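Student: Please find one structure pasted underneath; my questions will follow.
Number of protein chains: 2
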Amino acid sequence: MTQNTPAPTDRTRLRRMHERGQYDADSIHSILDATPICTVAYVIDGKPYATPTIQWREGNHVYWHGSSASRMLKASAGHEVCLNVTLTDGFVMARSAMHHSVNYRSAMLFGTAHKVEDPDEKAARLKAFVEGLFPGRWDMLRPPTTQEMKATTVLGMEIDEAAAKVRTGPPGDDEADYALPIWAGVLPIRSEFLPPDPDPRNLAGVKMPDHIRNFQFG
Amino acid sequence: MTQNTPAPTDRTRLRRMHERGQYDADSIHSILDATPICTVAYVIDGKPYATPTIQWREGNHVYWHGSSASRMLKASAGHEVCLNVTLTDGFVMARSAMHHSVNYRSAMLFGTAHKVEDPDEKAARLKAFVEGLFPGRWDMLRPPTTQEMKATTVLGMEIDEAAAKVRTGPPGDDEADYALPIWAGVLPIRSEFLPPDPDPRNLAGVKMPDHIRNFQFG
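The listed protein sequences derive, respectively, from chains A and B. Under our numbering, think of the first position of the first sequence as 5, with each following residue one higher. Under our numbering, think of the first position of the second sequence as 5, with each following residue one higher.
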């Protein structure tokens, strides 16, 4: 693993296992694109909060959204946040408790979230979100009303202060421990999509679109 | 869904979709027990951080651990944290963009993290962690050294300020939209374990233990 790009700031600089770190845009983007599921941390009255949500990337910006009444979005807009995306790829089983680990891909983004205020831009961002996951779906849907758009807040953040951290491969045991008769290895984990579960209220004859039938992340 | 237990504090009280909320111990515990993967939010210099890690529960306490040099653990010990566990169970595809949603189970825990200082208690907690996921493994491993134990920090928190939020089932569309010929339904997601990948350096004849062969969460 190369490390051509230095940490952009002190808080992105990896303290532990820094050899697992990457700071280049491709490394960050590939993790953001691998799953929409993320966690946003924010501060209210000096105290930390972590809320799971869904993110999407356009160029070098990341976006997330929700109800305009959301405490998370209100506490994030115009404020410092930390957005984390982590994919857990496996449990790493070593010969000592100490060297047990997890294989993962994690991206940590810092910055100040901004609210997408312009209605046209907000609509474009939301369309890009839906189309990014489900190509062709936006135009199949009942169009959003003005009221629905007002009730939705979109936040965005430039990806200019971020770190990726990745672990892959077998355990790294103490050399002497490889002589021990202990099973070691990796238990791989992945997200799987089960067959779609159609709404019982779907109209007769409505076909399952390809963006559902062939759905996958990334 | 019943709501017999009120929110323990104002910050645990759900603002949005409060009908999805549960505040009783069984609801919280069942989510913590369903996956060890969690995110811990903490504050450094007034700014939020979210770090993915692994949690385990013993009775009404939750624990997490890492290197004693970890920035996350040092910034959490004796300080306010928010620990979140979220399982994403499916994408909810509605007839309007607005009503698209996610099926999930999420537990949000607030409190002050404490460091497990007593060496015997620390060892007992770490053993419980390994045994909870992989029954029988602790005693098969090369025992931890004093130095390894010193290099490991265990943090704990009483589960006394927590909220669970759960969404299940099909989309909830506007009544008029059910007349539209749009495919709606749920795309179920689950974590899957692939066949274990033995370390190429395993000794000849070392058998895969049952806790690997039959591994599952919860």
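Cβ atoms here follow ideal geometry from the backbone N, Cα and C, with glycine treated the same way. These numbers come from a predicted model, not from an experiment.
Could you tell me the boundaries of the alpha helix (DSSP H) in which A/Glu23 lies?
Tutor: Run containing A/Glu23: none; DSSP gives neither H nor E here.
Student: Beta-carbon within less than 8 Å of B/Thr6's beta-carbon, same chain only, minus the 5 sequence neighbours each way: which residues are those?
Tutor: Bear in mind that the predicted position of B/Thr6 carries a pLDDT of just 48, short of 50, making it unreliable; the figure below should be weighed with that in mind. Around B/Thr6: no qualifying Cβ.
Student: Taking three-plus beta-carbon pairs below 8 Å as touching, is the stretch 9-28 of chain B in contact with the stretch 6-23 of chain A?
Tutor: Remark: fewer than three beta-carbon pairs, one from each stretch, lie closer than 8 Å, so the stretch 9-28 of chain B and the stretch 6-23 of chain A are not flagged as touching.
Student: Under 8 Å Cβ-Cβ, which residues of chain B neighbour A/Val2?
Tutor: Residue 2 of chain A cannot be examined here, being either before or after the span of chain A that is shown, 5 to 222.
Student: Going by the CB atoms, is the gap between A/Ile35 and A/Arg109 shorter than 7 Å?
Tutor: yes
Student: Give the residues from the stretch 201-216 of chain B that approach chain A closer than 8 Å (Cβ to any Cβ), ordered along the chain.
Tutor: Asp201, Pro202, Asp203, Pro204, Arg205, Asn206, Leu207, Gly209, Val210, Lys211, Met212, Pro213, Ile216
Student: Between B/Val66, B/Ser71, B/Gly94, B/Tyr67, which lies nearest to A/Thr39 when the distance is taken from Cα to Cα?
Tutor: From the listed residues B/Val66, B/Ser71, B/Gly94, B/Tyr67, the smallest Cα separation to A/Thr39 is found for B/Gly94.
Student: Applying the criterion that 16 or more other CB atoms from any shown protein chain within 10 Å of the CB defines a buried residue, is B/Ser31 buried or exposed?
Tutor: buried
Student: Under DSSP, the beta strand (DSSP E) around B/Ser110 begins and ends at which residues?
Tutor: 105-116
Student: Whose CA, out of B/Ile48, B/Glu162, B/Thr92, lies closest to the CA of A/Pro14?
Tutor: Pro is not the amino acid found at residue 14 of chain A; the sequence shown has Asp there. Measuring from the Cα of A/Asp14, the nearest candidate turns out to be B/Ile48.
Student: Please report the distance separating the alpha-carbon of B/Ala183 from that of B/Leu191.
Tutor: 21 Å
Student: Give the list of continuous alpha helix (DSSP H) stretches no shorter than 4 residues that lie fully inside the stretch 22-70 of chain A.
Tutor: 29-38
Student: Out of B/Ala101, B/Asp37, B/Arg205, B/Val106, which one is the CA nearest neighbour of A/Gly176?
Tutor: Selected option, being the one with the closest Cα: B/Arg205.
Student: Does the distance from the C-beta atom of A/Glu84 to that of A/Thr55 stay below 7 Å?
Tutor: No; because the gap between Cβ atoms is not below 7 Å, this pair is not in contact.
Student: Taking 8 Å as the threshold, find out whether the stretch 125-141 of chain B comes into contact with the stretch 59-79 of chain B through three or more Cβ pairs.
Tutor: As far as the Cβ criterion goes, the stretch 125-141 of chain B touches the stretch 59-79 of chain B, which means the pair count is three or higher.
Student: Spatial neighbours of B/Gly189 within its chain, please: CB distance less than 6 Å, with the 5 preceding and 5 following residues excluded, ordered by chain position.
Tutor: Met97
Student: Got a sec, what are the start and stop residues for the beta strand (DSSP E) B/Gly160 sits in?
Tutor: B/Gly160 -> beta strand (DSSP E) spans 156-162.
Student: Please report whether the beta-carbon of A/Trp68 lies at a distance below 7 Å from any beta-carbon of chain B.
Tutor: no
Student: Are the beta-carbon atoms of A/Asn88 and A/Arg171 separated by less than 7 Å?
Tutor: no
Student: So, is the C-beta of B/Thr92 closer than 7 Å to a C-beta in chain A?
Tutor: For B/Thr92, the answer is yes, since a Cβ of chain A falls inside 7 Å of its Cβ.
Student: Do you know whose CA, among B/Val210, B/Pro202, B/His69, B/Met161, lies nearest B/Leu113's CA?
Tutor: B/Met161
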